[in-house]
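J.:
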Ligand SMILES: [Zn+2]
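Residue numbers (our numbering): 615 to 758.
1) Can you give me the start and stop residues for the beta strand (DSSP E) that residue 721 sits inside?
2) Counting along the chain, where does the beta strand (DSSP E) carrying residue 666 start and finish?
3) Following the continuous beta strand (DSSP E) through residue 704, name the residue where it begins and the one where it ends.
4) Look up residue 774 in the DSSP assignment and give the residues it is bridged to.
5) Between residue 652 and ligand 1, is there a pair consisting of the residue's CB and a ligand heavy atom that are separated by less than 7 Å?
6) Would you identify the three-state DSSP class for residue 631, choosing helix, strand or coil?
7) I'd like to know whether the C-beta atoms of residue 724 and residue 682 end up nearer to each other than 8 Å.
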């Protein structure tokens, strides 16, 4: 399954940067430089490490480590309530920004493991949901 089977492209954020695997996991898709192996996400036209311009798609993770976060306590219109955003480090050397689901049982802290899910990130003024990836604290286990 890919992003287009989940929702129309106009409702998806960064749909070229994630996909759902056959076993239902969500994975982020980086651009891996074919010359030096450096991963980039978001994708870039030129490798920042070696200046080459050829890339292959490479899945990250499946888990990352929360580097830093903040909680948005006064969300803008269209958001369901408080939410968190932050940076997650992946083993491939990529630091990715995104929303983080607040899970009451797993307090957010730098260094905790996170997985990924697809979620409605916010709704447009006409109530159309906007879909994208979101990090989920895992506490070393589920959720994926
Ligand atoms: Zn490179």
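We put the beta carbon where it would ideally sit given N, CA and C, even for glycine.
T.: Let me lay it out:
1) Segment: none, residue 721 is in no beta strand (DSSP E) and carries neither H nor E.
2) Here residue 666 belongs to no beta strand (DSSP E), and DSSP marks it neither H nor E.
3) Per DSSP, residue 704 belongs to no beta strand (DSSP E) and is neither H nor E.
4) The displayed coordinates of the chain run from 615 to 758. Any statement about residue 774 would go beyond what the structure contains.
5) yes
6) helix
7) yes
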